[in-house]
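Q:
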Amino acid sequence: MGVGPAQALVTVREASKKAGGSSKNGRKTAGRRLGLKRYEGHQVPVGNILVRQRGTQFHPGLNVGIGRDHTLFALAPGYVKYTSKKMAGSGKW
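Residue numbers are given in the UniProt record's numbering: position 60 of the sequence shown equals residue 60, and the series is strictly consecutive.
Structure, rendered in structure tokens:
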């Protein structure tokens, strides 16, 4: 018996690779550079940033302003002084 034309067709599998899954790793964000910018005893000019923060962790005292993003900055030239006591007329803090 010979091999007929229909029996001569053979299925050939090719080497293949499925698509790999995606990883949830690999992204990094830069730090926000928050925190104290001028330390106690430093001399600062008007407008110098003293603290960058999210929320009001540090509250403004005398000659210190607060920005929309809670940044504290100098309203007058002078030396930086941090205290942990309540200021007169400080409101709810």
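The C-beta atom is built at its ideal place from N, Cα and C for all residues, glycine as well.
1. For a test of the three-state rule: what should DSSP assign to residue 74, helix, strand or coil?
2. Given a cut-off of 8 Å, decide if residue 29 and residue 61 are closer than it, judged by their beta-carbon atoms.
3. Residue 74 and residue 50 - do their beta-carbons sit closer together than 8 Å?
4. Applying the criterion that 16 or more other CB atoms from any shown protein chain within 10 Å of the CB defines a buried residue, is residue 72 buried or exposed?
5. My output table needs one value for residue 53: the three-state DSSP class, helix, strand or coil.
6. Excluding the five sequence neighbours on either side, which residues of its own chain have a C-beta within less than 6 Å of the C-beta of residue 63, listed in chain order?
7. On the DSSP bridge list, what partners appear for residue 64?
8. Any idea which residues DSSP pairs residue 44 with across the strands?
A: In terms of the structure at hand:
1. For this step, residue 74 is matched to residue 74 along the sequence shown. It is a strand residue.
2. Translated into the one-based positions of the sequence shown, residue 61 becomes position 61. Translated into the one-based positions of the sequence shown, residue 29 becomes position 29. Going by C-beta atoms, residue 61 is not nearer than 8 Å to residue 29.
3. Along the sequence shown, read from residue 1 onward, the residue named residue 50 stands at position 50. Along the sequence shown, read from residue 1 onward, the residue named residue 74 stands at position 74. Contact: yes.
4. Numbered from its first residue, the sequence shown carries residue 72 at position 72. So residue 72 counts as buried.
5. Here residue 53 corresponds to residue number 53 of the sequence shown, with the count starting at 1. In the structure shown, residue 53 sits in coil (DSSP, three-state: anything other than H, G, I, E or B).
6. The sequence position of residue 63 within the sequence shown is 63, counting from 1. So the list reads 75 and 76, once near-sequence residues are dropped.
7. As a position in the sequence shown, residue 64 is number 64, starting the count at 1. Answer is 74.
8. Residue mapping note: residue 44 aligns to position 44 of the sequence shown, counting from 1. The partner list for residue 44 (beta bridge, DSSP) reads 78.
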